[in-house]
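Take a look at the structure below.
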Amino acid sequence: MDTTEWRRQPPAAELSEQRIEFIRAQPMFMVATAADGLTANVSPKGMDTLRVMNPGRIAWLNLSGSGNETAAHVLANGRMTLMWMSFGTTPIILRAYGTATVIHPRDPQWADFDDEFADYGGSRQIFDLTIDRVADSCGTGVTVMTVEADRGLTDLEPYYEKMTDEQLNGFWSRKNVTSIDGLPTEIFGRAPAS
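With the working numbering applied, the sequence shown covers 14 to 207.
Shown next, in the form of structure tokens:
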């Protein structure tokens, strides 16, 4: 998308075609979540892992990492904000606010996304965001820069692709079962009620 054609739009309840084009052209996005009264989290995401399903819904594939804050926070209250920023010469920041659900590979809904995402090693969740507010703002504080490489494709995904299921489950057991505040992520399923 040629961002020189960008026109600021008022906040809305769903994505316009211009905003969808902008999202599709970005090499990365940020996800922000917070459980009530606990540590907020912001994570950068890249690769070909985000889909605009329709103007009111975005789904994105989450690969394994050293933490699992987003899943814990979404399970706690569902709140999520996604943000994109232009690194080109036209300064743009776009945010989509809403309520998300977390889908694990064991969930029946996972199959609904078979045709949407590549089969990346270490895939652990899909987040399905229902948008309730979209807003853009000026991004003059964002540095103008170019993308040199996608480390997700060269470093992250191959690291998990080499793991056996046993090794991946061991990694998740050590790093992904709870948030830094001790909230469950349900990566292995819902804990039995005590």
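Note that CB positions come from ideal geometry on N, CA and C, so glycine has one too. Since this is a predicted model, take the numbers as computed values, not measurements.
Backbone secondary structure at residue i - three-state DSSP
i	result
F7	Look at the range of the chain in this structure, 14 to 207, and you will see that residue 7 is not part of it.
D149	strand
A25	strand
K175	coil
I118	Checking the sequence, you will find Pro at residue 118 rather than Ile. Note: P118 maps to coil in three-state DSSP.
G134	coil
F126	helix
F201	coil
I193	coil
R187	helix
R32	helix
R20	coil
Q180	helix
M14	Summary for M14: the model assigns pLDDT 45, below 50, so the residue's position carries little reliability, and this model does not support an answer.
Sheet register partners of residue i (DSSP bridge)
i	result
T167	T167 is not bridged to any residue.
I71	V65, L142
A48	Note: A48 sits in no beta bridge, so no partner.
S56	V44
T159	Its beta-bridge partners do not exist; DSSP assigns none.
Nearest-angstrom beta carbon gap, residue j and residue i [assumed within contact, 8 Å]
i	j	result
I71	A109	6 Å
L5	L142	Residue 5 falls outside the range modelled here, since the chain spans only 14 to 207, and no answer is possible.
V65	I33	5 Å
L51	E170	That pair is no contact at about 30 Å.
N81	T198	4 Å
A113	M93	4 Å
- Give a yes or no on contact between the stretch 79-92 and the stretch 120-128, applying the rule of three or more CB pairs nearer than 8 Å. no
- List in chain order: all unbroken beta strand (DSSP E) runs of 3+ residues lying wholly within the stretch 68-115. 70-76, 92-98
- Message: Under 8 Å, with one C-beta from each stretch per pair, do the stretch 184-194 and the stretch 148-158 reach the 3-pair mark?
- Response: no
- Is the stretch 137-151 in contact with the stretch 99-114, if contact means three or more CB pairs nearer than 8 Å? yes
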